[in-house]
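Report on the following structure.
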Amino acid sequence: MSVSGPIICPVCGKKAKTGSAIDCARHMFGTGDKPHRQWVDAQGLSFIDLMIEQATTPGNRSYQLLADIIEKDAEKRQAAKK
Amino acid sequence: MNRYTVINPHSKFTVINTHVHNVDGIAKVTGRATYTFDVVLPGMLYGKILRSPHPHAKIKGIDYSKAMALPGVKAVATGNDTIGAKQGIWRRYKDLCDEQLLTIDKVRYIGEPVAAVAAVTEEIAEKALELIDVDYEVLPATYEPLDAIKKDAPEIHEGFERNINVTRHIEWGDVDEGFAEADYIREDWFRCGGQAHMCMETRAAVSSYTPDGKLTIYHSNQSPYYMQGLMAGVMGMREGDIRVISPYVGGGFGGKFELDGAIFATAVLSKKCMKPVKIVFTREEDFIASKRRTPMFYYTRTGVKKDGTFLCREAKVFTNGGAYTGMGATALYLTGFFHSFPYVWQKGYRYDGYRVYTNTLPSTSMRGFGAPQAMWCSEQQIEWIAADLKLDPIEMRRKNSHYEGYEVPGQATIASCGINQCYDEIRKWIDSKGKLPKGHAIGLSACGFMSGGIFNWFDTPYSFSSAVITINQDGTVELNVGAQDIGQGSNTTMAIICAETLGCKLEDVKVHSSDTDYNPADLGAWGSRQTLMSGNAVKRAAEDAKKQLLEFAYAHSGLNIIYDLDIKDRWVHSVSRPERGWPYEEIVRKALRGKGGQRIMGRGFYTPYRKGMISPAYSYMLQGVEVEVDEETGKIKLCDSMTAHDCGQPINHLGLIGQLEGAFSMAAGYGYLEYMPYEDGKLMNPNLVDYKMIRAPEMPPANIAEIDTYEPEGPYGAKEAGEGLTNPTAAAIGNALFKLFGIQIKECPIRPEMVVNALKEKKAKTGK
Amino acid sequence: MISDFAYLKPGSMKEALQMLKEHEEECKVICGGQSLLVIMRQGLVSPEYVISIKQLKDANYLKYDAKSGLRIGATCTHRTLEHSSMAKKEYPVLVEMEEKLASIQVRNWGTVAGNLAHGDPAGDPAPVLIAMGASVKLGSAGGERVVPLDEFYPDLFETVMNHDELIVEIQVPPRPAKTATKYQKFNLLDSDMGLIGVAVTTTMDGDKCKDARVVLGSAAPTVVRAKAAEKVLIGAKLSDSVFEKAGEAAAAECSPVSDIHASEEYRRHLVKILTKRMAKAACEQAKISG
Amino acid sequence: MEKKVLTLNVNNQDYELYINPKTLLVEAIRDYINLTGTKRGCDTVSCGACTVMVDGMAVKACSVLAMQCEGMKIVTSEGLEVDGKLAPIQKAFLDEGAFQCGFCTSGMLMSAMAFIKETKGKPTEMQIREGIEGNICRCTGYNSIVRAIDAVVKGKYAEGKK
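Residue numbers (the numbering used here), protein chains in the order written: chain A, 193 to 274; chain B, 119 to 886; chain C, 7 to 296; chain D, 56 to 217.
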């Protein structure tokens, strides 16, 4: 199943650009303040490691990784609502 | 000597783009111009700053009792005499305000101010510094961004994990799809050096705090209004209680629109002893404790089609931020943006920038603001791609370039773009030179630049630019602007726009600038913004005043209203019957009577709207540089150059030539001379013997072909000319070396030793 | 900041030498001061007395006669030498060297003797003058002595002068027949000191090299002669491979340092290239010279 | 340290100064005589902003003791104009826009003036460039300054013309 409607940031509730998971991931990296970092870390990832990987390796892997997590989280929350 | 040609010129103007003298010229060629450096106030004391010898250390205590005991010493200030506010120009983002100009607990780079002394003579102040005991606890330090992000690197600012200060991400289109479709992909690592602004007038300030709680500051800077606002923040005062006067300014180049040690220390000292205090940086202090162009590490990967169509590009950039943020966040964004310039990326563009704290001199804005680094990498890689694909480098660039009406997705709209003609002009120039002598080659580089930034990092409630015009009874004009002349000639440019618009003569206009008490706020001289932004404000103010004048002229003329009136060259006249008219000053006097003696005042302001995220307009250029290299010693000599440049409608003829030639010399220095080596956080050449800059014999002809386009957003169609030319030259020199020997140098400045080594390597590889 | 000193203004060289004897260590002699005032400002030297000889007109001379050669007085400026038509005719290399020494302002006020006394291994006059076999006449209240310039520099920024001595005259021997000196420095800016400077004198016999002097600037703590390179040249028949070998010899025997401007390796490379070029230039010049 | 009385002739005016002998010429001119046109840009005799003419020679006033200039004729940028009439080189600087921030201009003018004085015949462009190589200008890139000097030596500003 997939998320219906735009994804909003699980931390600050902002709808990033198109509302896609990848835009939300960019928003999280872009903001990068404590709450956002903590949320990412709470998902079992390391915000800083993701960032450094994004910086030091070609491609977009970190953003994708985070986007997937965000997508899953959104699905969970939608399911919970129902 | 030098050639300057204007391609398709407009000549409908009476003042604009005519050959007029700089309005400050007489003062400057007769030694009358006085700078902050020259200011002396009654009862003034002289200050000196005690600087950290350590790149990273805790301050456990400062004992200055011995210094105070020295006869002639009037005050000593440390961080404890300040409100401890952390300053930064990004006032809206607390995280980016991280610098205490007199540090309280910690020093983060060699040269950071620790204490300041005010005494009756400079000599006594200097002696007093030796009598201050600072108890340091030296901490481990880190100097290079790629070391500073390592897990075990020392923490420079609390809470900044891995010392990452700012990150910036720019992305449009689908880059990964682009690489999938690409016939050819090339990736390179580059290293870009720092550069000193090296203003001839070092940082200098005179502050006078008076018992009425008011602070008057003479300061050498690029934006009196910024200084006023920022000082209010760090002194805990109201903006309105601070007056900043910036008399003639001995150069800025991006290094003088932040607070510096001189302005803050003098203010704190003056508040302590209620006397004027003056501090002038020595040249060494200016090198080690002002700020510098941001050194960068660039990884860039580009995907193209066989036919040379640019599909996509991805860049990862680490910048050496030094100890504090300064203007670094903006440089980080702009380098990423201009790394895509001046090209269209069919599939997409992706940039990730990371600014890393290190225990070195903070880096900041400098003429070009991130673009020289971006072009050094981009324009060399593009030249190499053209060679790899056996394509003509000019035509490959041409087919991928921006064009009028192009929209950089989500970033900017290009309303005027003359780059296509730039390619033609450079092609002509190359052909005209015929066969070059042995050891010579021409390197090319294209780029674009912004005309002012749409950044309100300062969070000012004022419009970006404003101007007030007052017409005196004899027709002379008082023009009050907040725009700051730092040598680029903005006073002259504003006077020209005022005279052209109002219809008076240039000598009728008196420009009043650089005093926050008497002039409207303006963001000042940075990002090549004043000609466009302040120019628009002046134009609107003049139009406002002119409209009021013409109302009286109509009433006076008794003409049928089908005739419209205009003013040109002090002659108020009917447009269709120019011979029918009246002297301007006569109308001015009549208007005064009509207004019950009130003088006519025109007001104008400008803030860019609906112009994207970066800038209202963009300049474009292609540059060719003829270089001679001694194959045995690796010595580089610049022989000739031609830049085809699109700055819209030129306003100030002499000023424009000066800006383009001057930017070239600075850009060339960045390319092969201006080197800032650090050892353990210490700058190794903080003087003008060891820091090499272009001097007259090294400067080649800087020929210019001005492509005269029309920029709808600019006053009379004008856009940027002050910074763009600092961007292409380093890459052009690199490309000449590539053409000459096939070597690829990925670090600037290119030093002769690097050339010799590259040639050795090539020989080892290819045998020739 | 320059520390306080008492200013002494002798009316004659004799008087100057008397003052020098009185104050010895505590004093410095200033003429052009183009280097002295810089190191005083840096606090590297802080004399109690400064003796100015700038005004000593009697020491401001440039004399030449075919027998004894060239005599440069203590207060003779770089610019005077640069503009001397006699020097241009008899010692063209001196004029060429001066034209590239720092800037006009420095050459206008600074003196040749002062430059030698400063003992900077990167200075231009020393290598050229050593290559031409020049000497300095040192004066003191006690008398005078003449020291060959290539024995003048024991170590970095040091000279064999005693505290009561100063250079009263530079003596350049007449140029032997079929002899020429060439000098070139490698620098980044036209007005810079050399990262490396090389001066070569050769005396030719047909196209055989009868005698040679190779002198290196900033290739060691002091200006040094490259004796191995000289050996390669002396007696050899001119050819590019000889010049190449001379260059390699010089590069091998010198002892340059690494600094921010150039690595030791690169400096050796420059010594090789410049020695090769100057040896060739000197030989060619010598062959056609009277 | 005992102060000294020094008579200094600047722009054809004798000034009697009572100074510490270590006073540099540039300090005497700026701090004692208050002619602030002459600037300072370094401490290493590199930048030329302090260039003045001493007995017709361009000299860097930061590398000369004021005491050494007794009896000599010193000219600063303030001394170039005569009765409010600009010297040719000043006019040429205006016409060519040979200055921007103006901080190096006084020194540059003095180097240019000295060069023009001692140049016989038509100098090459490189000779002009070497004539001002002791002066740093961070703004202009020098070419406009070279054009200005060239115009003067070519007689464009000779009496009668312009």
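For every residue, glycine included, the Cβ atom is placed at its ideal position computed from N, Cα and C.
| field | Residues within the segment 163-188 of chain D neighbouring chain B, beta-carbon criterion of under 7 Å | value | 164, 180, 181, 184, 185, 187 and 188
Exercise. With DSSP as the reference, label residue 217 of chain D as helix, strand or coil.
Key: Looking up residue 217 of chain D in the fourth sequence gives position 162. Note that residue 217 of chain D has pLDDT 49, beneath the 50 cutoff, so the model's placement of it is unreliable and the number below is only indicative. Of the three classes helix, strand and coil, the one that applies to residue 217 of chain D here is coil, per DSSP.
request  = In angstroms with no decimal places, state the Cα-to-Cα distance between residue 93 of chain C and residue 73 of chain C.
outcome  = Locating residue 93 of chain C in the third sequence gives position 87, counting from the first residue. Locating residue 73 of chain C in the third sequence gives position 67, counting from the first residue. Their backbone Cα atoms lie some 15 Å apart in a straight line.
Practice prompt. Leaving aside the five residues before and after residue 199 of chain A along the sequence, list all residues of the same chain whose C-beta is less than 6 Å from its C-beta, in chain order.
Written response: To locate residue 199 of chain A, count along the first sequence from 1; it is residue 7. So the qualifying residues of the chain are 211, 213, 216 and 266.
### Message
Run through chain D and tell me which residues come within less than 8 Å of residue 820 of chain B, C-beta to C-beta.
### Response
For the purposes of this step, residue 820 of chain B is taken as residue 702 along the second sequence, with counting starting at 1. The contacting residues are 196 and 198.
### Message
In whole angstroms, give me the CA-to-CA distance for residue 153 of chain B and residue 239 of chain C.
### Response
Taking the first residue of the second sequence as position 1, residue 153 of chain B is located at position 35. Taking the first residue of the third sequence as position 1, residue 239 of chain C is located at position 233. Between residue 153 of chain B and residue 239 of chain C, the C-alpha separation is close to 59 Å.
Discussion item. Does residue 855 of chain B come out as helix, strand or coil in the three-state DSSP assignment?
Written reply: The residue you call residue 855 of chain B lines up with position 737 of the second sequence. Of the three classes helix, strand and coil, the one that applies to residue 855 of chain B here is helix, per DSSP.
Please list the partners that residue 275 of chain C has in chain B, where partner means a Cβ-to-Cβ separation under 7 Å.
Looking up residue 275 of chain C in the third sequence gives position 269. Ordered by position in chain B, the residues that pass the 7 Å Cβ test against residue 275 of chain C are 874.
Under 8 Å from the C-beta of residue 219 of chain B: neighbouring residues of chain C:
Walking along the second sequence from the start, residue 219 of chain B turns up at place 101. Those do not exist, as residue 219 of chain B stays about 24 Å from chain C at its closest Cβ, beyond 8 Å.
_Using a 10 Å radius around the Cβ and a threshold of 16 neighbouring Cβ atoms, would you call residue 89 of chain D buried or exposed?_
Residue 89 of chain D sits at position 34 when you count from the first residue of the fourth sequence. Exposed: under 16 other Cβ atoms inside 10 Å.
query: Counting only beta-carbon atoms, is residue 216 of chain B nearer than 8 Å to chain C?
result: Sequence index remark: in the second sequence, residue 216 of chain B carries index 98 (1-based). No, residue 216 of chain B lies away from the interface with chain C (no Cβ there is under 8 Å from its Cβ).
Return the chain-ordered list of same chain residues with a C-beta closer than 6 Å to the C-beta of residue 600 of chain B, the five sequence neighbours on each side being excluded. Taking the first residue of the second sequence as 1, we reach residue 600 of chain B at position 482. Taken in chain order, the residues that qualify are 343, 637, 638, 639 and 640.
* To do: Compare the Cα-Cα distances from residue 109 of chain C to each of C/9, C/95, C/130 and C/90 and report the closest residue.
  => Here residue 109 of chain C refers to the residue found at position 103 when the third sequence is read from its first residue. Measuring from the Cα of residue 109 of chain C, the nearest candidate turns out to be C/130.
For residue 494 of chain B, does the three-state DSSP call read helix, strand or coil?
For the purposes of this step, residue 494 of chain B is taken as the residue at position 376 of the second sequence. In the structure shown, residue 494 of chain B sits in a helix (DSSP, three-state: H, G or I).
Coil, strand or helix - residue 869 of chain B by DSSP:
Residue numbering aside, residue 869 of chain B sits at position 751 when the second sequence is read from its first letter. Reduced to three states, the DSSP call for residue 869 of chain B is coil.
So if I threshold CB-CB distances at 7 Å, which residues from the segment 188-204 of chain C count as touching chain B? 192, 194, 195, 196 and 197
Chain C beta carbons: is any one of them nearer than 8 Å to that of residue 410 of chain B?
-> Here residue 410 of chain B refers to the residue found at position 292 when the second sequence is read from its first residue. Answer no: the Cβ-Cβ gap between residue 410 of chain B and chain C never drops below 8 Å.
(Q) Please report whether the beta-carbon of residue 267 of chain B lies at a distance below 8 Å from any beta-carbon of chain D. (A) Taking the first residue of the second sequence as 1, we reach residue 267 of chain B at position 149. Chain D, which has no Cβ nearer than 8 Å to the Cβ of residue 267 of chain B, makes this no.
### Query
From residue 479 of chain B to residue 406 of chain B, what does the alpha carbon distance come to, in whole angstroms?
Mapped onto the second sequence, residue 479 of chain B falls at position 361. Mapped onto the second sequence, residue 406 of chain B falls at position 288. Computed Cα separation, rounded: 7 Å.
| query | To the nearest angstrom, how far is it from the Cα of residue 217 of chain D to the Cα of residue 283 of chain C? | reply | Working through the fourth sequence from its first residue, we reach residue 217 of chain D at position 162. Working through the third sequence from its first residue, we reach residue 283 of chain C at position 277. Only weak support exists for where residue 217 of chain D lies, its pLDDT of 49 falling under 50; the value from the coordinates is given anyway. Taking the straight line joining both Cα atoms gives about 50 Å.
Between C/228, C/229, C/227 and C/248, which has its C-alpha nearest residue 237 of chain C's C-alpha?
For the purposes of this step, residue 237 of chain C is identified with residue 231 of the third sequence, where counting begins at 1. Per the Cα distances, C/248.
_Using 8 Å for Cβ pairs, my map puts residue 776 of chain B next to residue 155 of chain D. What's the rounded Cβ distance?_
Position 658 of the second sequence, counting from 1, holds the residue named residue 776 of chain B. Position 100 of the fourth sequence, counting from 1, holds the residue named residue 155 of chain D. Their Cβ separation, rounded to whole angstroms, is 6 Å, which keeps residue 776 of chain B and residue 155 of chain D in contact under 8 Å.
**Asked** With a CB to CB cut of under 6 Å and the five nearest residues on each side skipped, what residues in its chain are close to residue 260 of chain C?
**Response** For the purposes of this step, residue 260 of chain C is taken as the residue at position 254 of the third sequence. The answer, listed in chain order, is 222, 225, 226 and 277.
Counting contacts by CB-CB distance shorter than 8 Å, is residue 71 of chain D in contact with chain C? In the fourth sequence, the residue the question calls residue 71 of chain D occupies position 16. Answer no: the Cβ-Cβ gap between residue 71 of chain D and chain C never drops below 8 Å.
Are there 16 or more other CB atoms within 10 angstroms of the CB of residue 330 of chain B, so buried, or fewer, so exposed?
If you number the second sequence from 1, residue 330 of chain B lands on position 212. With fewer than 16 Cβ atoms within 10 Å of its Cβ, residue 330 of chain B is classed as exposed.
Does the Cβ of residue 230 of chain B have 16 or more other Cβ atoms within 10 Å, making it buried, or fewer, making it exposed?
Locating residue 230 of chain B in the second sequence gives position 112, where the first residue counts as 1. Residue 230 of chain B should be labelled buried.
- First through last residue of the alpha helix (DSSP H) which encompasses residue 293 of chain B: In the second sequence, residue 293 of chain B corresponds to position 175, counting from 1. From DSSP, the alpha helix (DSSP H) with residue 293 of chain B extends over 293-299.
_Check whether chain G comes within 8 Å of residue 783 of chain B, counting only Cβ atoms and requiring the distance to be less than that._
Given the protein chain composition of this structure (A, B, C and D), no chain G is represented.
Next item on the list: Measuring only between beta-carbons, confirm whether residue 246 of chain A sits less than 8 Å from chain B.
Entry: What you label residue 246 of chain A is simply residue 54 of the first sequence in a count that begins at 1. Taking Cβ atoms only, chain B reaches closer than 8 Å to residue 246 of chain A, which makes this a yes.
Proximal residues of chain D, C-beta to C-beta of residue 366 of chain B below 9 Å: Position 248 of the second sequence, counting from 1, holds the residue named residue 366 of chain B. The answer, in chain order, is 156, 157 and 158.
query = Any beta-carbon of chain C closer than 8 Å to the one on residue 68 of chain D?
reply = Start at 1 with the first residue of the fourth sequence, and residue 68 of chain D comes out as number 13. So, not an interface residue.
**Study point:** Backbone CA spacing between residue 130 of chain B and residue 841 of chain B [nearest angstrom]
**Key:** Residue 130 of chain B sits at position 12 when you count from the first residue of the second sequence. Residue 841 of chain B sits at position 723 when you count from the first residue of the second sequence. So the alpha carbons of these two residues sit roughly 27 Å apart.
Which whole-angstrom value is the C-beta distance of residue 93 of chain D and residue 118 of chain D, which I expect to be below 8 Å? On the fourth sequence, position 38 is the one that residue 93 of chain D refers to. On the fourth sequence, position 63 is the one that residue 118 of chain D refers to. Wrong, their Cβ atoms sit about 13 Å apart, outside the cutoff.
- Uninterrupted beta strand (DSSP E) stretches inside the segment 705-788 of chain B (no shorter than 3 residues): 718-724, 736-747 and 754-764
query = In chain order, what residues of the same chain lie with their CB nearer than 7 Å to the CB of residue 216 of chain C, ignoring the 5 residues before and after it?
reply = Taking the first residue of the third sequence as position 1, residue 216 of chain C is located at position 210. These residues qualify, in order along the chain: 209 and 210.
* Over the uninterrupted beta strand (DSSP E) stretch that includes residue 98 of chain C, give me the two end residues. => In the third sequence, the residue the question calls residue 98 of chain C occupies position 92. Not the beta strand (DSSP E): residue 98 of chain C falls in the alpha helix (DSSP H), residues 98-105.
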